[in-house]
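**Student:**
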Amino acid sequence: MSEEETSKNLSETLFVKHKQAKETSALTQYMPTSQSLLDEQKAKTGYAWYRNLRRLQWVWQGVDPIEQEQVLASIASSKHSRTDEQLLDTVMGYHSGNWAYEWTKLGMLHQKRAAEMSKEKAAEELFSASLCYSIAGYPHLKNDNLALQAQVLANRAYLEAAEKSQYIIKQLEIPYEKGTIVAHLHLTNTDKPHPVVIVSAGLDSLQTDMWRLFRDHLAKHDIAMLTVDMPSVGYSAKWPLTEDYSCLHQAVLNELFSIPYVDHHRVGLIGFRFGGNTMVRLSFLEQEKIKACVTLGAPIHHVFASPQKLQSMPKMYLDVLASRLGKNVVDIYSLSGQMAAWSLKVQGFLSSRKTKVPILAMSLEGDPVSPHSDNQLVALYSNYGKAKQISAKTITQGYEQSLDLAIKWLEDELLR
Numbered sequence: 200m201s202e203e204e205t206s207k208n209l210s211e212t213l214f215v216k217h218k219q220a221k222e223t224s225a226l227t228q229y230m231p232t233s234q235s236l237l238d239e240q241k242a243k244t245g246y247a248w249y250r251n252l253r254r255l256q257w258v259w260q261g262v263d264p265i266e267q268e269q270v271l272a273s274i275a276s277s278k279h280s281r282t283d284e285q286l287l288d289t290v291m292g293y294h295s296g297n298w299a300y301e302w303t304k305l306g307m308l309h310q311k312r313a314a315e316m317s318k319e320k321a322a323e324e325l326f327s328a329s330l331c332y333s334i335a336g337y338p339h340l341k342n343d344n345l346a347l348q349a350q351v352l353a354n355r356a357y358l359e360a361a362e363k364s365q366y367i368i369k370q371l372e373i374p375y376e377k378g379t380i381v382a383h384l385h386l387t388n389t390d391k392p393h394p395v396v397i398v399s400a401g402l403d404s405l406q407t408d409m410w411r412l413f414r415d416h417l418a419k420h421d422i423a424m425l426t427v428d429m430p431s432v433g434y435s436a437k438w439p440l441t442e443d444y445s446c447l448h449q450a451v452l453n454e455l456f457s458i459p460y461v462d463h464h465r466v467g468l469i470g471f472r473f474g475g476n477t478m479v480r481l482s483f484l485e486q487e488k489i490k491a492c493v494t495l496g497a498p499i500h501h502v503f504a505s506p507q508k509l510q511s512m513p514k515m516y517l518d519v520l521a522s523r524l525g526k527n528v529v530d531i532y533s534l535s536g537q538m539a540a541w542s543l544k545v546q547g548f549l550s551s552r553k554t555k556v557p558i559l560a561m562s563l564e565g566d567p568v569s570p571h572s573d574n575q576l577v578a579l580y581s582n583y584g585k586a587k588q589i590s591a592k593t594i595t596q597g598y599e600q601s602l603d604l605a606i607k608w609l610e611d612e613l614l615r
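Just so we're aligned, residue 200 is where the sequence shown starts under this note's numbering, counting upward by one.
#1: To the nearest angstrom, report how far apart proline 513 and tryptophan 248 are at their CA atoms.
#2: Between aspartate 566 and glycine 496, is the Cβ-Cβ spacing less than 8 Å?
#3: Please state the DSSP three-state secondary structure of histidine 339.
#4: Alanine 450 by DSSP, collapsed to three states: which one?
#5: With contact counted as at least three CB pairs below 8 Å, one residue from each stretch, are the segment 410-418 and the segment 432-447 in contact?
#6: Tell me whether the beta-carbon of glutamine 449 lies closer than 8 Å to the beta-carbon of leucine 484.
#7: From which residue to which residue does the beta strand (DSSP E) around alanine 539 run?
#8: Where does the unbroken beta strand (DSSP E) through threonine 303 begin, and where does it stop?
#9: Out of Leu325, Glu564, Arg254 and Leu330, which has the shortest C-alpha to C-alpha gap to alanine 349?
#10: Please check the pair alanine 423 and leucine 481, which I expect to be a contact at CB under 8 Å, by giving their CB distance rounded to whole angstroms.
#11: May I have the straight-line CA-CA distance separating leucine 308 from threonine 407, to the nearest angstrom?
#12: If we ignore side chains and look at the alpha-carbon of each, how far apart do alanine 382 and asparagine 354 end up?
#13: If methionine 561 and threonine 494 are in contact, beta carbons under 8 Å, what's the gap, nearest whole angstrom?
#14: Following the continuous alpha helix (DSSP H) through alanine 578, name the residue where it begins and the one where it ends.
#15: Secondary structure at glutamine 600, three-state DSSP: helix, strand or coil?
#16: Is the beta carbon of isoleucine 589 less than 8 Å from the beta carbon of serine 581?
#17: Using 8 Å as the Cβ pair cut-off and three pairs as the minimum, do the segment 369-384 and the segment 239-256 touch?
#18: Rounded to the nearest angstrom, what separates aspartate 577 and alanine 220 at their Cα positions?
#19: Select from Ser445, Gly467, Phe326 and Thr289 the residue whose C-alpha is nearest the C-alpha of methionine 409.
#20: Do leucine 236 and glutamine 510 come within 8 Å of each other at the CB atom, strictly closer than that value?
#21: Specify, as a first and last residue, the run of the alpha helix (DSSP H) that glutamine 510 falls within.
#22: Taking just the CA atoms, how far does leucine 520 sit from arginine 312?
#23: Compare the C-beta of aspartate 403 with all C-beta atoms of chain B and state if any pair is closer than 8 Å.
#24: Measuring alpha carbon to alpha carbon, tell me which of Ser551, Asn574, Leu384 and Ala540 ends up nearest arginine 472.
#25: Around the C-beta of arginine 523, are 16 or more other C-beta atoms found within 10 angstroms, so that it is buried, or is it exposed?
#26: Are the beta-carbon atoms of valine 529 and threonine 232 separated by less than 8 Å?
#27: So arginine 281 packs on valine 290, CB below 8 Å; how close in whole Å?
#28: For the candidate residues Arg411, Glu376 and Val502, whose alpha-carbon lies nearest to that of leucine 534?
#29: If distances are taken between C-alpha atoms only, which option among Lys278, Pro459, Leu286 and Val262 comes closest to threonine 244?
#30: Mind checking who phenylalanine 471 pairs with in its DSSP beta bridge?
#31: Taking 8 Å as the cut-off, decide whether the C-beta atoms of glycine 378 and lysine 341 are in contact.
#32: Do valine 427 and leucine 412 have their C-beta atoms closer together than 8 Å?
#33: Would glutamate 315 and serine 364 qualify as a contact pair, given that the criterion is a beta-carbon distance under 8 Å?
#34: Residues in the same chain with beta-carbon distance under 8 Å from isoleucine 489, minus the five sequence neighbours each way, listed in chain order, please.
#35: Using a Cβ-Cβ cutoff of less than 8 Å, which residues in the same chain neighbour glutamine 240 once the five nearest sequence positions on both sides are dropped?
#36: At the level of alpha carbons, what is the spacing between glutamate 268 and glutamate 599?
Below you can see the structure in the form of structure tokens.
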């Protein structure tokens, strides 16, 4: 049986039970007072989508911009009924117009192309397929059956791509608390131990979304990439998100000495969004083991310390937070109070002693989640730390510019 047929059969088997799966935006229940707050917000903002569309991020991660717009157009123009007629991506049932359906369909198209190619070209198509399947599951809510099935496809396509790629990708299982943390190590070769960067994405993306960061940036400098999911997401879904949310990355960091392909004396960190907060936390807890750290768009203090900020967030973000914390019915007011514990200043890290780790903290101009003041706070409590605001006038270039700066920062520290 060809790869394409296997994949088609797998997706049909996975999704057949879920034709009438509950639609993503309807999964999280809110208390009546919180629901009123959401309704008010919705009337005020007039959003047309439930999900935050990360068009630029997805293109940077490897989605073809034309294909992306075609998928979004298919969702927007669907005549099928929606959970909320004002929100385009809330089509109910697994069929045309449904978010998971349309992105899975694009993933299968790439998988089909891969079956007609060989080696590197096939690998690239499979990496693209994996990314599309991952977006099909976005924002990866815990009780979203369609998202869980899409994740199975994403992981499988990623491992198939790894087998065909010219690069070496190893799936590692690191023992932790009666279980194992699944991480992916990406290498240009295994001739010698390489400097390594541990990468963490936010609370609403998967470790398999990070392929292009390795291929286009780290591999060029012969730096290995090790990806780890945040607790409560992806391969790390079985661990709850607690106030010690850097525990999995810390466990992986402490195991590096036993991995022959990496130089555990030259370790860097990169964190996107909430993964950035996690990496800064780790830079304080494990100063002797980390040479450099970079954060991009990380919420550090401001958004957690101001309940009004959290209360005015779009529903998708609140759904993600509730899902990660395992809440069945959400009270936004109590949730926003609870979030204060995630501020690194409240935790005491950014209030007394500096970390030895040089941290570059960056965000795009006008980012509501990661204001420049947060990055300045991080830089202040880091030896040789630096805060950088990227001009949002050229947001696409902004992405590239921030990544180039990130790699340069890591290179300076890791390749000395």
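Glycine residues also receive a C-beta, built at the ideal position from the N, C-alpha and C atoms.
**Tutor:** According to the structure shown:
#1: One-based indexing of the sequence shown puts residue 513 at position 314. One-based indexing of the sequence shown puts residue 248 at position 49. The alpha-carbon atoms of proline 513 and tryptophan 248 are separated by roughly 10 Å.
#2: To locate residue 566, count along the sequence shown from 1; it is residue 367. To locate residue 496, count along the sequence shown from 1; it is residue 297. For aspartate 566 and glycine 496, yes; Cβs fall inside 8 Å.
#3: Within the sequence shown, residue 339 is the residue found at index 140, counting from 1. In this structure, histidine 339 counts as coil in the three-state DSSP scheme.
#4: On the sequence shown, residue 450 is found 251 positions in, with the first residue counted as 1. Helix, per DSSP.
#5: no
#6: Counted from its first residue, the sequence shown places residue 449 at position 250. Counted from its first residue, the sequence shown places residue 484 at position 285. In this structure, leucine 484 lies closer than 8 Å to glutamine 449 by Cβ.
#7: Within the sequence shown, the letter at position 340 stands for residue 539. For alanine 539, there is no enclosing beta strand (DSSP E), since its DSSP letter is neither H nor E.
#8: Taking the sequence shown and counting its residues from 1, one reaches residue 303 at position 104. Counting along the chain, threonine 303 sits inside no beta strand (DSSP E); it lies in the alpha helix (DSSP H) bounded by residues 298-314.
#9: In the sequence shown, counting from the first residue as 1, residue 349 sits at position 150. Selected option, being the one with the closest Cα: Leu330.
#10: Within the sequence shown, numbered from 1, the residue matching residue 423 stands at position 224. Within the sequence shown, numbered from 1, the residue matching residue 481 stands at position 282. With a Cβ gap of about 18 Å, alanine 423 and leucine 481 do not count as contacting.
#11: What you label residue 308 is simply residue 109 of the sequence shown in a count that begins at 1. What you label residue 407 is simply residue 208 of the sequence shown in a count that begins at 1. Roughly 19 Å separates the two Cα atoms.
#12: Position 183 of the sequence shown, counted from the start, is the residue given in the question as residue 382. Position 155 of the sequence shown, counted from the start, is the residue given in the question as residue 354. Going from the Cα of alanine 382 to the Cα of asparagine 354 covers about 12 Å.
#13: If you number the sequence shown from 1, residue 561 lands on position 362. If you number the sequence shown from 1, residue 494 lands on position 295. That pair is a contact at about 7 Å.
#14: For the purposes of this step, residue 578 is taken as residue 379 along the sequence shown, with counting starting at 1. Segment 571-579, the alpha helix (DSSP H) holding alanine 578.
#15: The residue given as residue 600 occupies position 401 in the sequence shown. Helix, per DSSP.
#16: Counted from its first residue, the sequence shown places residue 589 at position 390. Counted from its first residue, the sequence shown places residue 581 at position 382. No, the pair does not count as a contact, with Cβ atoms beyond the cut-off.
#17: no
#18: Position 378 of the sequence shown, counted from the start, is the residue given in the question as residue 577. Position 21 of the sequence shown, counted from the start, is the residue given in the question as residue 220. Checking the sequence, you will find valine at residue 577 rather than aspartate. Taking the straight line joining both Cα atoms gives about 43 Å.
#19: In the sequence shown, residue 409 corresponds to position 210, counting from 1. Taking only the C-alpha atoms, the option nearest methionine 409 is Phe326.
#20: Within the sequence shown, residue 510 is the residue found at index 311, counting from 1. Within the sequence shown, residue 236 is the residue found at index 37, counting from 1. Cβ distance < 8 Å, so glutamine 510 and leucine 236 count as in contact.
#21: For this step, residue 510 is matched to residue 311 along the sequence shown. Where glutamine 510 is concerned, the enclosing alpha helix (DSSP H) stretches over 506-510.
#22: As a working mapping, residue 312 is identified with position 113 in the sequence shown. As a working mapping, residue 520 is identified with position 321 in the sequence shown. Whole-angstrom Cα-Cα distance: 37 Å.
#23: No chain B appears in this structure, which consists of one protein chain only.
#24: Translated into positions along the sequence shown, residue 472 becomes position 273. Out of Ser551, Asn574, Leu384 and Ala540, Asn574 has the C-alpha closest to the C-alpha of arginine 472.
#25: Taking the first residue of the sequence shown as position 1, residue 523 is located at position 324. Arginine 523 comes out buried.
#26: Along the sequence shown, read from residue 1 onward, the residue named residue 529 stands at position 330. Along the sequence shown, read from residue 1 onward, the residue named residue 232 stands at position 33. No. Outside cutoff.
#27: The residue given as residue 281 occupies position 82 in the sequence shown. The residue given as residue 290 occupies position 91 in the sequence shown. Yes, arginine 281 and valine 290 are in contact; Cβ-Cβ is about 5 Å, under 8 Å.
#28: The residue you call residue 534 lines up with position 335 of the sequence shown. The candidate whose alpha carbon is nearest that of leucine 534 is Val502.
#29: As a working mapping, residue 244 is identified with position 45 in the sequence shown. Threonine 244 has its Cα closest to that of Leu286, out of Lys278, Pro459, Leu286 and Val262.
#30: For the purposes of this step, residue 471 is taken as the residue at position 272 of the sequence shown. DSSP, once it has assigned bridges, lists Leu495 as partnering phenylalanine 471.
#31: As a position in the sequence shown, residue 378 is number 179, starting the count at 1. As a position in the sequence shown, residue 341 is number 142, starting the count at 1. With contacts defined by Cβ atoms closer than 8 Å, glycine 378 and lysine 341 do not form a contacting pair.
#32: Taking the first residue of the sequence shown as position 1, residue 427 is located at position 228. Taking the first residue of the sequence shown as position 1, residue 412 is located at position 213. No.
#33: Here residue 315 refers to the residue found at position 116 when the sequence shown is read from its first residue. Here residue 364 refers to the residue found at position 165 when the sequence shown is read from its first residue. Cβ atoms of glutamate 315 and serine 364: not closer than 8 Å.
#34: In the sequence shown, counting from the first residue as 1, residue 489 sits at position 290. Cβ within range, chain order: Leu452, Val466, Gly467, Leu468, Leu481, Ser482 and Val556.
#35: Translated into the one-based positions of the sequence shown, residue 240 becomes position 41. Ser511, Pro513 and Lys514, listed in sequence order.
#36: The residue you call residue 268 lines up with position 69 of the sequence shown. The residue you call residue 599 lines up with position 400 of the sequence shown. Rounded to the nearest angstrom, the two C-alpha atoms are 21 Å apart.
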